[in-house]
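*Asks:* Got a structure for you, questions after.
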Amino acid sequence: MYHNRLKQFPEEFLFGAATSAFQVEGAADVDGRGIAVHDIQPKKKGITDFSVASDHYHHYQEDIALMKELGLKAYRLSLSWVRIMPDGKTINPAGIDFYKKLLDEVTANGMEPIVTIYHFEYPQALVGRYGGWASREAIDDFERFAEVLFENFGDKVKYWLTINEQDHLLKIPSRLGISEEIEGKDYLKLAEQMNYHMCVATARVIKLCHELLPHAQIGPVINPMYAIPNSNRPEDTLAAMEFNELSTYYITELHCRGRFAPLHWKYMEDRDILPEIESEDMELMRNNTPDFLGMNYYLNQTVATNKKEQFSYHEKTVFIQEEPGIYEITTNDNITQTDWGWNICPEGMKLAIMDFYNRYQLPILVTENGLGAYDVLENNQVEDDYRIEYIHNHLSQIKDCLGLGYPVLGYCAWSFIDLVSGREGMDKRYGFVYVNRDNEELKDMRRIKKKSFYWYQTIINERGESL
Ligand code: BGP
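Quick note on numbering: the sequence shown equals residues 3 to 469 in our numbering.
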């Protein structure tokens, strides 16, 4: 196996960190912000909602000063659709003003903003009007939102990301505003239709970006859980390949080649869940492909063949553990896990980067990677050596990839600062900066630099020479 032959990361490598608007900003009912799908979800017992989060809305200058101190070259953030267009359609000038100030602060402090257009925060009003992504109307609204962003912030932003983790959205219906009661075949059919609409919408927004901002670059954010076979039985290798087709490449084949992956098509045909397609869509997708691929990588999977003879319409679950007749996810004694059972496999990131590049010849931007943990604040310090180890090992794999000639534009650790986890509130922390609050109490929201902050600062400063 080849190892890194580079002394340092290239000068232009974007060492970064990421957040998303609804997980970090708080200020949910400030300055005319509208209602997003997650705002009206029932609160989970013992877990905070997103209304205050890390109150970045009011602390953004202090937070950006910390980013500068850390030495970040890039900051990945998302812009809240409902702050900018509270009903999904009408512009709220206060929302535009906020992000102008925020982006100016980022660039004035020498960082490259990497902007996600849509990171899970969908306007509830559009769900009420026509069912959100279930309808083709959603494509027009997404395009209009992107146009507003390009017009208002196009002079400040060079890197744009279209939709964050489309696959993930489809696995958690509440993030789409879809009723939990739709299940089985009905849900699968709807999910395929929504997935298709999002792919068409992505192509429209890529086209628009290229027309309006010829110097910008734009790409989607995908979320591979690159599968490896459970055993040396050839059938497990096939199952792993089929898992990758059905969990990742079913989206990227549409984004990058404007076609359905054959296995995905067959899967939909057999289950009678094919989406409605308009003939010009395919040409649109073929002609408007991304400039790079954004990649969120946290975990991989180990996969065995599943011998059941009949498929079933599974109920929706967050991660599909089994596709009868195709694959099942297994455990792997060679791979440790986080406290939340996510496999820690840095090599999986290298596999995904190499495989994406071999398929599409597009550069990769790592848009998220990090370790969620129960951090402990003691004597005003957080000794998060586990996070340092995790990021160290993943960054080393990227250095290997660069050394082997695979283009990686940058790395955004998730997350810059502690924020509200998607499902675990404030228990599961990811940041380089601790925020002094928990699920029950807001406390003083003080920002405290963790041990990993100083470690990453050194890595950036020496351009990863010690990795
Ligand atoms: C990704 C999302 C992020 C973030 C991260 C960690 O799927 O893009 O928004 O939440 O995962 O996930 P979690 O907070 O569930 O641990």
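Just so you know, even glycine gets a beta-carbon here, dropped at the ideal spot from N, CA and C. Just so you know, these numbers come straight off a predicted model, no measurement behind them.
1) By the three-class DSSP mapping on this structure, what secondary structure does residue 347 have?
2) Considering only their Cβ atoms, is the gap separating residue 357 from residue 306 smaller than 7 Å?
3) Applying the criterion that 16 or more other CB atoms from any shown protein chain within 10 Å of the CB defines a buried residue, is residue 415 buried or exposed?
4) Taking the alpha carbon of residue 101 as the reference point, which residue from 41, 393, 89, 82 has its own alpha carbon closest?
5) Anything with a beta carbon under 7 Å from a heavy atom of ligand 1 counts; list them all in chain order.
6) Using only the alpha-carbon positions, how far apart do residue 405 and residue 15 sit?
7) Quick check for students: name the residue ranges of the alpha helix (DSSP H) that lie wholly in the stretch 29 to 85, counting only runs of 4 or more.
8) Which one or two residues does DSSP pair with residue 423 in a beta bridge?
9) Can you tell me whether residue 282 is helix, strand or coil according to DSSP?
10) Buried or exposed for residue 3, going by 16 or more other Cβ atoms inside 10 Å?
11) Could you give the DSSP three-state label for residue 113: helix, strand or coil?
12) Here's the rule I'm using: 16 or more other beta-carbon atoms within 10 Å means buried, otherwise exposed. How should residue 338 be labelled?
13) Specify the secondary structure class of residue 358 as computed by DSSP and reduced to three states.
14) Just the C-alpha distance for residue 342 and residue 373, rounded to the nearest angstrom, thanks.
15) Per the contact definition of three or more C-beta pairs closer than 8 Å, is the stretch 194 to 213 in contact with the stretch 283 to 292?
16) Would you call residue 266 buried or exposed, if buried means 16 or more other Cβ atoms sit within 10 Å of its Cβ?
17) Looking at the secondary structure, which residues open and close the alpha helix (DSSP H) in which residue 206 lies?
18) In this structure, how does DSSP classify residue 8 when only helix, strand and coil are distinguished?
19) Going by the DSSP bridge assignment, what does residue 295 pair with across the sheet?
20) Which same chain residues, not among the five before or five after residue 58, have their C-beta less than 6 Å away from its C-beta?
21) Check whether the stretch 134 to 148 and the stretch 46 to 61 are in contact - that is, three or more C-beta pairs closer than 8 Å.
22) In the structure shown, what three-state DSSP assignment does residue 165 receive?
23) Residue 142: buried (16+ other C-beta within 10 angstroms of its C-beta) or exposed?
24) Cβ atoms of residue 151 and residue 118: under 7 Å apart, would you say?
25) Secondary structure at residue 310, three-state DSSP: helix, strand or coil?
26) Leaving out the 5 sequence neighbours to the left and right, which residues in its chain are closer than 6 Å to residue 170 when beta-carbon positions are compared?
27) In three-state DSSP terms, what is residue 255?
28) Output the residue ranges of the alpha helix (DSSP H) runs that lie fully inside the stretch 213 to 253 and measure 4 residues or longer, sorted by chain position.
29) Which residue marks the beginning of the beta strand (DSSP E) containing residue 330, and which one marks its end?
30) Would you report the Cα separation of residue 400 and residue 420, rounded to the nearest angstrom?
31) Taking C-alpha atoms, which residue in 418, 9, 208 lies nearest to residue 286?
32) Quick check on the burial criterion: 16 or more other C-beta atoms within 10 angstroms. Buried or exposed for residue 130?
33) Between which two residues does the alpha helix (DSSP H) harbouring residue 457 extend?
34) How many angstroms separate the CA atom of residue 120 from the CA atom of residue 40?
35) Would you decide whether residue 45 is buried or exposed? Buried here means 16 or more other CB atoms lie within 10 Å of its CB.
*Replies:* Looking at the coordinates:
1) coil
2) By the CB criterion at 7 Å, residue 306 and residue 357 fall outside the cutoff.
3) buried
4) Looking at the Cα atoms, 82 is the closest of the given residues.
5) 22, 25, 121, 122, 166, 167, 170, 225, 298, 300, 342, 370, 374, 416, 423, 424, 425, 426, 430, 432
6) 13 Å
7) 58 to 72
8) Residue pairing by DSSP places residue 423 opposite 427 in a beta bridge.
9) helix
10) Label assigned to residue 3: exposed.
11) coil
12) exposed
13) helix
14) 10 Å
15) yes
16) With 16 or more Cβ atoms within 10 Å of its Cβ, residue 266 is classed as buried.
17) 186 to 214
18) Correct three-state label for residue 8: coil.
19) 366
20) Sequence-distant Cβ neighbours of residue 58 in its own chain, meaning closer than 6 Å and more than five residues away, are 26, 27, 65.
21) no
22) strand
23) An exposed status is given to residue 142, since fewer than 16 other beta-carbon atoms sit within 10 Å of its beta-carbon.
24) no
25) coil
26) 225
27) helix
28) 236 to 246
29) 329 to 332
30) Just so you know, the alpha carbons of residue 400 and residue 420 end up roughly 24 Å apart.
31) 208
32) exposed
33) 453 to 463
34) 14 Å
35) exposed
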